[in-house]
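> Here's a structure for you.
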Amino acid sequence: GSSAVCRYASIYYFKAPTVNAVSAVGGVNITWDSIPGAQTYKIYRKYNGSSSWTLIKTVDAKTLTYMDKDAITGRNIDYTVRAFANGGSSTFVAKRCAYVATPILTSVSNAVNGVSVKWNEVKGATGYRVYQYSPSKGKYVQIASIKTTTYRKATKTKRKVEFQAKRSTDFGTPFYLFY
Numbered sequence: 005g006s007s008a009v010c011r012y013a014s015i016y017y018f019k020a021p022t023v024n025a026v027s028a029v030g031g032v033n034i035t036w037d038s039i040p041g042a043q044t045y046k047i048y049r050k051y052n053g054s055s056s057w058t059l060i061k062t063v064d065a066k067t068l069t070y071m072d073k074d075a076i077t078g079r080n081i082d083y084t085v086r087a088f089a090n091g092g093s094s095t096f097v098a099k100r101c102a103y104v105a106t107p108i109l110t111s112v113s114n115a116v117n118g119v120s121v122k123w124n125e126v127k128g129a130t131g132y133r134v135y136q137y138s139p140s141k142g143k144y145v146q147i148a149s150i151k152t153t154t155y156r157k158a159t160k161t162k163r164k165v166e167f168q169a170k171r172s173t174d175f176g177t178p179f180y181l182f183y
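Going by my numbering, the sequence shown opens with residue 5, and the numbers climb by one from there.
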């Protein structure tokens, strides 16, 4: 008699994590849900028009967030996160994000009967929302929506004036610049 030897290979398959990618101050904040059994997660980026994914970070199973500080402003970016363990992995499921950097204040100066505020132009921004702090409301209130990088505010008193410049885009959530 002959005997047969059977060998089995274990194949692990994970569902793809649900990925969120949100334009944030300083980059794109990527979050995903925990996948039971995962040992590591690999985060990939692909710019609009590219056919290939680039691995940007590998993290342990306890980490469920990553800030992509190297994202290029003004570009649509696809992100995916894959779960890995024991040679198995999840599939690619992409989440698109349009990253627009936060404006950077370049000057605040006295102007005739008021103040002039300037910030840098942000690639990909279609306009800017300007906010002023309202002590009575305890929060910033939008006072202008403009397409330029300069805002002039008339004031009758010589009190401290606080502003925010908030980028406005056709895609994505605006963020703040405090000064």
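The beta-carbon is built from N, C-alpha and C at its ideal position, and this holds for glycine as well.
A quick note: this is a predicted structure, and the numbers were derived from the prediction, not measured.
Going along the chain, which residues of its own chain have a beta-carbon closer than 7 angstroms to the beta-carbon of residue 44, five neighbours each way excluded?
Only 62, 63, 64, 65 and 88 meet the Cβ criterion.
> In whole angstroms, what separates the C-alpha of residue 144 from that of residue 133?
The straight-line gap from Cα to Cα measures roughly 11 angstroms.
> Below 6 angstroms CB to CB, which residues in the same chain sit around residue 22 once its five sequence neighbours on both sides are set aside?
Counting only Cβ-Cβ distances below 6 angstroms, and skipping sequence neighbours, we find 37.
> Going by C-alpha distance, which of 137, 46, 20 and 105 is nearest residue 29?
Nearest of 137, 46, 20 and 105 to residue 29, Cα basis: 105.
> Grouping DSSP H, G and I as helix and E and B as strand, with all else coil, what is residue 151?
Residue 151: coil per DSSP, three-state reduction.
> Whose C-beta lies closer than 7 angstroms to the C-beta of residue 156 among residues of the same chain, with five residues either side of it excluded?
Excluding residues within five positions, the ones whose Cβ falls inside 7 angstroms are 115, 118 and 120.
> Spatial neighbours of residue 125 within its chain, please: C-beta separation below 7 angstroms, excluding the five flanking residues on both sides.
Correct list, in chain order: 153.
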